[in-house]
Amino acid sequence: MAKTAASGEPAPSRAAEVDDLSRVIEIQRRAEARLRARFLEHGVVDQAIGALIARLDCSPQEAFDQLLEIERRSGRDLLEVAAEITGRGGEPLGRTRLPMAEAVPNTAVSNIGASNTAVSNTAISNPAVQVPRIERAADADEVARLLLADTLAWSGANLAGIALLLPDGALELVGTDGVPAGVASQWRRIPPRMDCLLNVAVRQRSVVWAEAVRGKQAALLGEAGPGGAPVGRLHAAVPLWLGRRLIGVVEIGWPPTTSFSAEVRREIAAVAGTAAQAVVRARRLPAEAEGFSDDWSRPADLDRLRVIMDLAWEPMLLLARIPNAGGRSTGLGIVAVNRAALELIAADTRESTEDLAPATVTFNPIGRRLAETLPWVSTSGAYEAFREVLRTGVPFRDPEHTYTDSAETERRLRTISLSATRLDESSLLVSLRPTDEGDADPLRAARLQRMTGAGSWEWDVQGRVVHWSAEALLALGARIAPGPVPVDRPPYAVHPDDLPERDRLVRDLTLEGRPGQAEFRVILPDGAARHVRFAGEPILGEGGAVVSVFGTVQDVTERRRAETALEIAHIQLAAQRSRAESERQLANLLQQVIMPVEPMRMELAAGVEVAARYRPASAGVGVGGDWYGIFPVSGSRLLLTVGDIAGHGFGAATAMARLFHALHGLAVTGEDSDRLLTWLNGVTCELAGFTIASAVAALYDPADRRFCVANAGHPSPVLVRSGMARTMPRPGGPMLGLDPDSEFGQETVILEPGDVVLLYTDGLIERRKHTPDEDTSRLLADAAHVDDDLDAYVDRLMAHAASDTDDDACLLAVRFS
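Residue numbers (this note's numbering): 6 to 822.
The structure is reproduced here in C-alpha cells:
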C-alpha cells in the first residue's frame, strides 16, 4: 500500500536520493520501452486486420472478429496470430509483455522524484510467473482482481473496475474488485451522458485523473451514485485499446492521501492499458459464443432467449441464482417462462385445468422463487438436482420424475419429465412436461382447442342445461364465465337467415338421436357476424332416449372469409382474362389492318422500289405500337414514315392507329416533313391518355431527287450507297407528346440512282446490354451489301436483326432508280 512519509522524519542521505533518482530514471525508461512496444503491437494488429480485409473481402469489424476467432481456436496469443498473418512470425516485436513483471511488488511509492519518499530495493518479479495469470483469467472480475493483486500491487491500488463500450455508446461494467456488490450493480450500465470519470476517459480517449475533473464533480466508481469525489481520494481512468480500436476503459482507485509523480502516473497508465487483451479473452466464454450472456438481466439477451423458448412446444423455464446484499446465492428464481410453461404452472396452482383461456391466465411467476411457485421441487429432490447442475455443469434428465401434489382434499402422485442444463455459472434452462395421461390430457386438450379455435360443450337434456367450456365461449364470442347455462338462454344469437339450419341440427341430435353438424352465423354483442360450426353426438339412455349430447363448436369465420375472397378473386381473374383476350384480339385486328404481317412489296411510278416487313412482338410482351407507311403527296412526291408508340397492348395499338391515320390525312396538305411532325405532335398531345411516340417523316421529290427528313426522337434512317452504309444526319426535335409547342427541323439529302434508304423502329436493333451506337453498327455492317432482289435483302436484314428485347419491329427499304 502506498503511504506518505511521516512528518518529522530526517531527510534522506544523498546516497539514498541518488538511488531514488536512478530508480525513477529506470522506471521511466521501462515505461517508454513499453509504450514503443505497445505502438508496435497496434501496428501489427492493424496490419493483420488489413490483410484479412483484403483476403476475405469483408468489413474491418468482421476482420477483427475473425482475428479473435483465430486466436481462440489456435490457443495462441493475439499478437502471435497477427504477426503470422502479416508475415512477421519470426520477427521480434520488441515487446516485453511484462508491464507489471518488471514492477516492484509491495513497494511504498509516493511522489517518487518529487518528494522525500524512497522506493525500497525489492526484487523484480518473474515475468514467466506473473504475466500468464491475468491472461488466463476466467472472467472480467478475475482480471480486475489480478490487476490489483499482481499488475498494480506495487502502487497500492485497492479498487478496479472494467467497463466495456457498447454499440450505443454506453458502458457496461463487466468486472470489479474492491467495489461492494450492491454499488457495482448500480453501476452495471453507465449511460453516455452520465458525468463520471469513466465517460470522461471515453470522450477524451486518453488517460484521465480524478483531480483534473474534480471541479466538474465527476462521479467516481464505488460511489453510490453521481456526485462529488471524496476528499483526498485518487482515481484514474485508462482507456483500453485493441490495435486502434477503443473497447472500453478501466478505472483504478487508491487510498486517501495517495499521490504519484508524473513519471509514475505514465507507468501506471501504460501498465493498466495492457489489460485489454485479457478482458477480451476472458469475455469470450462458450456461453457467449452461443449468443448467451452471463447477465440475464440485460434485455437484449433475455429477449433473444425468450424467442427461442417460445418456439418450443415443451414447457421451459429460465432459472437464475438470487443473490443477497453480500453477493451470496439465496436460492433459485424464475427469470423467464414460455407460454407452455405458464399454462402448466397456472394449471398446477388451480384446483382444475378447465379455465385456461388466454384472457384468464393472469398468474405471473417471473421474479418469484422457484420453491414458492412450484413447492414440489423442494420435496421431490428436483431442487437439489438443479443446484448440482449449477455446481458441476453436468446436465440433469429424469424422464419419470415423481412428486406428490397436495390438493385441498387429497394428495396425488404425479409423474413429470424433467431436464436441466446450465447456461452459465448462475443460470439454468429447465424443461418439464407431465407424462401421466390423466393429468396431461386436460392441458393438452385445452391447448389444442385454442389453437384450432374450437371448444367443447355438453348438453344435459333432462336437466335442461348446457355446460360450456372456456374455449367454446371464446369461439362464440360470448362474454360469460364457463359453466352451466340454461338451454333456453344460449350464450349466442343465431342470424335469422340461419335459424332453419340450427333447428335441423337440434332435431337430428334430440328427436332423431343421431350425430349431426351444421354451420351457421352468430351475432356478436357488437353486431358483427361470426361463422361457427357445431357438431354433436348424442348419448342414449334406457329405451333409446337421448339423455345428453356431447359436442364441439369451432370458429370458421376466417376460413369462410378466405373462401369468399378466393371465389371473388377467381371471378375477377376470369373477367380480366376475358377482357384482356378481347382487347388483344381487337388490337391484333386493328394492327393487321394497318400493318400486315405478310411480306409487302410496292411498285410505284415515281421510280421507287419498296419492300417492307413487320415482325410482331412475342406473345408475352403483347401488341405493340410500331407503324410504317408510304403515302403519295401532291404532285409526284412521296411521303415515307415510320413510328413507334411507347408501351404495348390495346392502348398502344389504338394510339398507333390514330397517329397513323392523322399523318396520312396531314400529308394531303403537301407541307414539308418538319411541318407535318409539328402538327402530328399536337395531335399526340391531345390524345385522351398520355402518349409518347417517336417518328420519322421523309418527303422524296423525284424532280430534283431531294430527300427531306424530319425526326421526332427516332433512330435515324440509314443510307446505303456504293457498298457503304451510314446513318443520315439527325435534325433537331423531341419525341411526340412531350410538349405541344415543340418545333422540329429537317435535313435534306440529294439521292443518287441506286441509293437505298432504310427506315426502321428500334425493335430491329435494340439490345439490353449495348449502347445505341453498338446496336446500329451491326445493322450498318449487314446493310452495306444490297441484294438485287430487294425482298431477299429485307428478309436477310430481318433474319440477322440483333435485337433481344422481344419488341415488335418494322423495316422499310426504299431503292431509288
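Glycine is no exception: its CB is placed at the ideal position from the N, C-alpha and C atoms.
Check, Outcome
"C-beta atoms of Pro320 and Val340 nearer than 9 Å", "no"
"Minimum length 3: unbroken beta strand (DSSP E) runs contained in the stretch 618 to 668", "631 to 637 and 643 to 650"
"Local conformation of Asn121 per DSSP, three classes", "Low per-residue confidence applies at Asn121: pLDDT is 30, beneath 50, and the placement is therefore not dependable, though the value from the model is reported in the following sentence. Residue state, collapsed to three classes: coil."
"Leu171 - DSSP class collapsed to helix/strand/coil", "coil"
"Cβ contact (3+ pairs, closer than 8 Å) linking the stretch 168 to 187 and the stretch 260 to 275", "no"
"Contacts around Asp677, its chain only, beta-carbon distance under 8 Å, and the 5 residues preceding and following it disregarded", "Leu704, Cys713, Ala715 and Gln751"
"Val799 - containing alpha helix (DSSP H), residue span", "Leu795 to Ala804"
"Cutoff 6 Å; reference Leu437; Cβ partners in own chain excluding five residues on either side", "Pro320, Ile421 and Leu423"
"6 Å CB neighbourhood of Asp649 in its chain, flanking five on each side removed", "Asp631, Ser699 and Thr766"
"Cβ pair count under 8 Å reaching 3, the stretch 684 to 691 against the stretch 660 to 672", "yes"
"Sequence-distant residues of its chain with Cβ nearer than 6 Å to Leu290 (five each side left out)", "Interpretation of Leu290 is limited by its pLDDT of 38, a score under 50 that renders its predicted location unreliable; the figure taken from the coordinates is listed afterwards. Same-chain partners within the cutoff: there are none."
"Contact check, Gly629 vs Ala658, beta carbons under 9 Å", "yes"
"Residue ranges of each alpha helix (DSSP H) within the stretch 489 to 539, 4 or longer", "504 to 515"
"Cβ-based burial, Arg286 [other Cβ within 10 Å; buried from 16]", "buried"
"Three-state class that DSSP yields for Asn163 in the structure shown", "coil"
"Integer Cβ distance of Ala175 from Pro197, believed to fall under 8 Å", "6 Å"
"For Thr689 and Arg663, the rounded distance between their alpha carbons", "9 Å"
"Beta carbon of Ile139 nearer than 9 Å to that of Ala274", "no"
"Sequence-distant residues of the same chain with beta carbon closer than 6 Å to Val243, five excluded per side", "Val212, Val255, Ala274, Ala277 and Gly278"
"Alpha carbon of Ile30 to alpha carbon of Gly161, nearest angstrom", "21 Å"
"Start-to-end residues for the beta strand (DSSP E) that takes in Asp560", "Val551 to Asp560"
"For Trp684, three-class secondary structure by DSSP", "helix"
"Helix, strand or coil at Phe821 according to DSSP, with G and I counted as helix", "strand"
"Range of the contiguous beta strand (DSSP E) that encloses Gly460", "Ala459 to Asp465"
"Reduced DSSP secondary structure (H/G/I, E/B, other) of His575", "helix"
"Helix, strand or coil at Leu290 according to DSSP, with G and I counted as helix", "Below a pLDDT of 50, predicted positions are generally treated as unreliable, and Leu290, at 38, falls in that range; the measurement from the model is reported next regardless. Three-state result, Leu290: coil."
"Given Thr397 as reference, the closest of Ala425, Asp403 and Gly372 once Cα atoms are compared", "Ala425"
"Buried or exposed (CB count within 10 angstroms, at least 16 for buried), Gly548", "exposed"
"Straight-line gap, Leu724 to Ile755 (C-alpha atoms, nearest Å)", "11 Å"
"Supposed contact pair Asp796 and Ala616 - C-beta distance, whole angstroms, cut 8 Å", "5 Å"
"For Ala317, the nearest candidate out of Ile635, Gly166 and Leu347 (CA to CA)", "Leu347"
"Boundaries of the alpha helix (DSSP H) in which Phe391 is found, first to last residue", "Ala387 to Thr397"
"Run of the alpha helix (DSSP H) containing Arg208, from where it starts to where it stops", "Leu202 to Gln209"
"Limits of the unbroken beta strand (DSSP E) element including Ala224", "Counting along the chain, Ala224 falls outside any beta strand (DSSP E), and DSSP gives it neither H nor E."
"Under the three-state DSSP convention, the category Cys63 falls into", "coil"
"C-alpha gap between Thr384 and Thr409, whole angstroms", "8 Å"
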